[in-house]
């Protein structure tokens, strides 16, 4: 694909998650841009304390950078801007930053001060309701985001609520770019038939933190026809109790590639989010991944799940779970998998380059 002139040949990609962390939107998009000929300098979240810079060349078009600073001050925008400016100086001295020639892709609002430089192009990727995460203060993130809405050439968002709010707060040009599944997940051969049932094998993958509806999970497990495969990370007493439940197979943290066969061995993918401003605005990647492998997708009673074409059933209570089981049994009695047409990250990259 020929890169449009509005996209610079090199971009600093400011990510809220480390490149080698749980695979999310940020790794997928940055790698996709690199495949399209844009050189990517992927900046991992700033680490403190310390004063150092580490680089890791993934390939000629992709480099990961880790910066250590004496301090961070996310809850105090003025102090945080000092830390960000210090990081900029380090990057410029290492010739990893040249705003007059480069573009800025930023998904981490707390580093918004870097947008004050004169970049060729600034893209703000708004993929979460920032300020709503556990232990975050709302006001500082309003300040960070307001700066990005003012400075960004374009703002893209992973869900319509995130986009509408951005436009209402002054974003200049906004585009909806939802999440997707990796093309290898869409194209990878899968068993023609599902595993035997009962029980119905359900999987919940990813980060199981404060945004999980634990009561919903435990209520599902009261149904003797369901067993749960728990994959990923978590914290707290509820997560520990769930991982030790007799009907739960806890796989722990696995690589993205090793997650694929676990999903293929299941019938249902779960998206167990509790209602909150954070989850009501999210577009879960796991929905696309489950659907790409032909699983039924069950979600909690979030507004966005009612309109999501890849969420098979919204489960409000035990009765809904019983009805969903009946539906799932009828579907899987046909034995063969039904594969859904799920968008790939390549589809999303094409849309981004046309923005």
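In our numbering, the protein residues as written are 119 to 473.
Note that CB positions come from ideal geometry on N, CA and C, so glycine has one too.
Asked: Straight-line Cα distance separating residue 264 from residue 422; Found: 25 angstroms
Asked: For residue 124, the nearest candidate out of 167, 408, 175 and 241 (CA to CA); Found: 241
Asked: Identity of the residue in 398, 396 and 324 nearest residue 380 by Cα; Found: 324
Asked: For residue 177, three-class secondary structure by DSSP; Found: strand
Asked: Buried versus exposed call for residue 158 [16 or more other C-beta atoms within 10 Å across all chains shown]; Found: buried
Asked: Exposure label - residue 182; buried when at least 16 CB within 10 Å; Found: buried
Asked: 8 angstroms Cβ shell around residue 189 - same chain, five flanking residues per side excluded; Found: 166, 167, 197 and 201
Asked: Own chain, CB closer than 6 angstroms to residue 271, minus 5 neighbours either side, in chain order; Found: 239 and 240
Asked: 8 angstroms CB neighbourhood of residue 122 in its chain, flanking five on each side removed; Found: With a pLDDT of 48 at residue 122, under the threshold of 50, the predicted position of this residue should be treated as unreliable, though the coordinate-derived value follows. These residues qualify, in order along the chain: 471 and 472.
Asked: Contact under 8 angstroms by Cβ, residue 331 with residue 418; Found: yes
Asked: Opening and closing residue of the beta strand (DSSP E) in which residue 365 lies; Found: Run containing residue 365: none; DSSP gives neither H nor E here.
Asked: Exposure label - residue 119; buried when at least 16 CB within 10 Å; Found: Residue placement at residue 119 is flagged as unreliable, the pLDDT there being 45, under the threshold of 50; a coordinate-derived value is accordingly withheld.
Asked: Distance CB(residue 164)-CB(residue 191) smaller than 8 angstroms; Found: no
Asked: Distance between residue 250 and residue 288 (C-alpha atoms, nearest Å); Found: 20 angstroms
Asked: Assigned exposure category for residue 281 - 16 Cβ within 10 Å defines buried; Found: buried
Asked: Which listed residue (358, 316, 337 and 283) has its alpha carbon closest to that of residue 450; Found: 316
Asked: Selection from 357, 308 and 354 that minimises the alpha carbon distance to residue 411; Found: 308
Asked: Residues near residue 212 in its chain [Cβ-Cβ closer than 7 angstroms; skip 5 each side]; Found: 171
Asked: Bridge partners - residue 335, DSSP secondary structure assignment; Found: Looking at the DSSP assignment, residue 335 forms no beta bridge with any residue, so it has no partner.
Asked: Three-state class that DSSP yields for residue 329 in the structure shown; Found: coil
Asked: Bridge partners - residue 241, DSSP secondary structure assignment; Found: 223 and 272
Asked: Inter-stretch contact (C-beta, 8 angstroms, three-pair minimum) for the region 226-236 and the region 124-133; Found: yes
Asked: CB of residue 314 within 8 angstroms of CB of residue 383, strictly; Found: no
Asked: Close beta carbons around residue 377, own chain, < 7 angstroms, minus the five adjacent residues each side; Found: 323 and 349
Asked: Exposure of residue 425, with buried meaning 16 or more beta-carbon neighbours within 10 Å; Found: exposed
Asked: Entirely enclosed beta strand (DSSP E) segments - the region 139-168, minimum 3 residues; Found: 157-161
Asked: Proximal residues to residue 209 (C-beta, below 6 angstroms), its chain only, five neighbours per side dropped; Found: 215
Asked: DSSP bridge partner residues for residue 351 (one or two, in chain order); Found: 325
Asked: Collapsed DSSP secondary structure at residue 431 in the structure displayed; Found: strand
Asked: Own chain residues within Cβ distance below 6 angstroms of residue 150, not counting five before or after; Found: 463 and 467
Asked: Whether residue 347 touches residue 374 by CB criterion (8 angstroms); Found: no
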